[in-house]
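Written below as structure tokens is the structure these notes are about.
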Amino acid sequence: MEEIQKPSLLVQYITLLGLISMSLGALVLFGFIAIDTARQLITMSPSIAFNKGIFYMLGGGIGLGALFTGMIIEVWIKRPPSDRILKNVGRTAIAGVVIMFALPQVVHYSIANYLEPKGYEICGDASYQWLHYQDIIYTNNPEVCLKLVREKNNKVPRSNKVRSTANELY
Numbered sequence: 745m746e747e748i749q750k751p752s753l754l755v756q757y758i759t760l761l762g763l764i765s766m767s768l769g770a771l772v773l774f775g776f777i778a779i780d781t782a783r784q785l786i787t788m789s790p791s792i793a794f795n796k797g798i799f800y801m802l803g804g805g806i807g808l809g810a811l812f813t814g815m816i817i818e819v820w821i822k823r824p825p826s827d828r829i830l831k832n833v834g835r836t837a838i839a840g841v842v843i844m845f846a847l848p849q850v851v852h853y854s855i856a857n858y859l860e861p862k863g864y865e866i867c868g869d870a871s872y873q874w875l876h877y878q879d880i881i882y883t884n885n886p887e888v889c890l891k892l893v894r895e896k897n898n899k900v901p902r903s904n905k906v907r908s909t910a911n912e913l914y
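For the sequence shown, our numbering begins at 745 and goes up steadily by one.
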């Protein structure tokens with residue numbers, strides 16, 4: 745029977761560093777944006793930005809954290825993990841995937857149902873969507889929505905800014 749060759753220690757450590765960096769990065773970003781959204785909801789700001797993508801990141805951060813934990817046990821303890829540990833790591837990774845797909849929909853529905861009776865509407869032209877990533881802007885005033893749309897439309901891509909600055913020089 746052929747023996748499975750383990751990757752070198754350098755590859756294992758680089759993989760561990762990558763997993764923990766991505767996991768912590770996703771969880772920290774989730775924390776910052778979730779706190780900002782909660783602040784906007786508590787103060788009932790004239791415009792409330794709901795970033796649906798951060799809830800995908802929460803699930804990803806949890807799943808990557810579970811993989812990191814499993815690898816730590818193998819790399820640093822240098823023995824195969826027990827069945828109980830494998831079961832817990834597997835359950836946590838699966839929970840991360842479930843959170844990644846279920847939580848964004850539940851939170852979006854909850855926030856929409858909370859804001860609509862308070863007079864907030866989605867400002868579609870100021871909102872943004874790319875594949876599953878959504879940044880939804882709720883406003884309680886049509887003028888605020890128009891202002892946000894104007895601000896969004898006045899943003900010039902960096903490449904165009906460089907070209908226009910270069911043209912002004914000549």
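Heads up, the beta-carbon is just placed ideally off N, CA and C, and yes, glycines get one too. Quantities reported herein were computed from a predicted structural model and do not represent experimental measurements.
| Check | Outcome |
| --- | --- |
| Is it a yes or a no for the region 780-799 touching the region 844-855, going by three-plus beta-carbon pairs under 8 Å? | yes |
| Quick check on residue 882: buried or exposed, where buried means 16 or more other Cβ atoms within 10 Å of its Cβ? | buried |
| Tell me which residues share the same chain as residue 888 and place their Cβ nearer than 8 Å to its Cβ, disregarding the 5 neighbours each side in the sequence. | 790, 791, 867 |
| Where does residue 856 sit, in a helix, a strand or coil, going by DSSP? | helix |
| Measure the Cβ-Cβ separation of residue 739 and residue 840 and say whether it is below 8 Å. | With the chain covering only 745 through 914, there is no way to say anything about residue 739. |
| Given that a residue counts as buried once 16 or more other Cβ atoms are within 10 Å of its Cβ, and exposed if not, what is residue 843? | buried |
| Taking only three categories from DSSP, how would you classify residue 879? | strand |
| For residue 862, I'd like the list of residues in its chain whose CB is within less than 8 Å of its CB, leaving aside the five on either flank, ordered along the chain. | 788, 884 |
| Just reading off the alpha helix (DSSP H) that residue 764 is part of, what are its end residues? | 753-787 |
| Looking at C-alpha atoms only, which residue of 896, 891, 771, 756 is the closest neighbour of residue 816? | 756 |
| How big is the Cα-Cα spacing for residue 898 and residue 890? | 12 Å |
| So the candidates are 794, 811, 749; which of them puts its Cα closest to the Cα of residue 768? | 811 |
| Going along the chain, which residues of its own chain have a beta-carbon closer than 7 Å to the beta-carbon of residue 880, five neighbours each way excluded? | 794, 796, 866, 871 |
| Taking Cβ positions, are residue 763 and residue 808 nearer each other than 8 Å? | yes |
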